[in-house]
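Okay, so here's the structure we're looking at.
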Amino acid sequence: MKILVVEDEPEISKFIERGLHRQRFAVDIVDDGRLGLFNASVNQYDIILCDYMLPHRDGISLTQELRDRSVKTPLLMLTVVDDLQTKVRALDAGADDFMCKPFAFDELLARIRAISRRQTAWQGDVVHLDDLAIDTKAYQVTRAGKPITLTRKEFMLLEYLVRNQGRVVTRSELLEHVWDSATDQFTNSIEVHIRYLRKKIDLPFGSARKLIHTIHGVGYKACRI
Numbered sequence: 045m046k047i048l049v050v051e052d053e054p055e056i057s058k059f060i061e062r063g064l065h066r067q068r069f070a071v072d073i074v075d076d077g078r079l080g081l082f083n084a085s086v087n088q089y090d091i092i093l094c095d096y097m098l099p100h101r102d103g104i105s106l107t108q109e110l111r112d113r114s115v116k117t118p119l120l121m122l123t124v125v126d127d128l129q130t131k132v133r134a135l136d137a138g139a140d141d142f143m144c145k146p147f148a149f150d151e152l153l154a155r156i157r158a159i160s161r162r163q164t165a166w167q168g169d170v171v172h173l174d175d176l177a178i179d180t181k182a183y184q185v186t187r188a189g190k191p192i193t194l195t196r197k198e199f200m201l202l203e204y205l206v207r208n209q210g211r212v213v214t215r216s217e218l219l220e221h222v223w224d225s226a227t228d229q230f231t232n233s234i235e236v237h238i239r240y241l242r243k244k245i246d247l248p249f250g251s252a253r254k255l256i257h258t259i260h261g262v263g264y265k266a267c268r269i
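Numbering (the numbering used here) for the sequence shown: 45 to 269.
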């Protein structure tokens, strides 16, 4: 999952960024509404976390503009203002949820998961493909009951492929949803991580039981063939 955080308070944005990275999320951080609008308009995100009060453009007008542009990315508004009128304005502008500062990171994470369940065909916390199981809460991967140790990026890549099992995922889509925007578009990082995943996920279980497949000239597909 890739998340855009639009927050002008450095301590809060760093707090959120550290927590999200621990949860295996890719994160982009911007500190004003104008940059938030630009990033959200040109990049694909799974969720946007947006402060209510921002330099150059506030969270309400940013949200309204995104919805006017038909950007449907789920958006969670953050604010120190805790009153009914502010909440109504945020929700009417197109926000999917509203959360007051200060907040515990566990609650923020729970709200992110809740928004994801509402907006997508959520498959639950444990995702399966054949005899492969990914526990996204415990960050554990097993195949045929055997535990497999993955790096943070390998885990994110595998989860995205398996949640989209059966369809081809393009290279650009992986860059959009698993890597942050600072990643060089011409990097071979995807190919390297796919190779590492295959060594851990496929190779020990025999050539007839491959789950990660290259669709040449298009991308990758997670499926049992």
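Built from N, CA and C at the ideal position, the CB exists for glycine as well.
Keep in mind it's a predicted model, so treat the numbers as computed, not measured.
Per DSSP, M97 has no beta-bridge partner at all. A straight line joining the alpha-carbon of N83 with that of D141 spans about 20 Å. Here H172 is exposed, its C-beta having fewer than 16 other C-beta atoms within 10 Å. Secondary structure of Q209 (DSSP, three-state): coil. Scanning its chain for C-beta atoms nearer than 6 Å, with the 5 sequence neighbours on each side dropped, one finds no residue around R253. Shortest Cα-Cα distance from G77 to any of V71, I91, Y96, I60 involves Y96.
A distance of 8 Å or more separates the beta carbons of I259 and L241. Here E235 is exposed: its Cβ has fewer than 16 other Cβ atoms, across all protein chains shown, within 10 Å. Bridge partners of I192 according to DSSP: V185. Taking 8 Å as the cut-off, the Cβ atoms of R68 and F199 count as close. Put simply, of R196, Q209, D179, T195 the residue whose alpha carbon is nearest the alpha carbon of G189 is D179.
As the crow flies, the alpha-carbon of R268 is around 46 Å from that of E53. Note on geometry: alpha-carbon atoms of K58 and G250 lie some 43 Å from one another. Inclusion of D175 and R187 in the CB contact set at 8 Å is warranted, their separation being smaller than that value.
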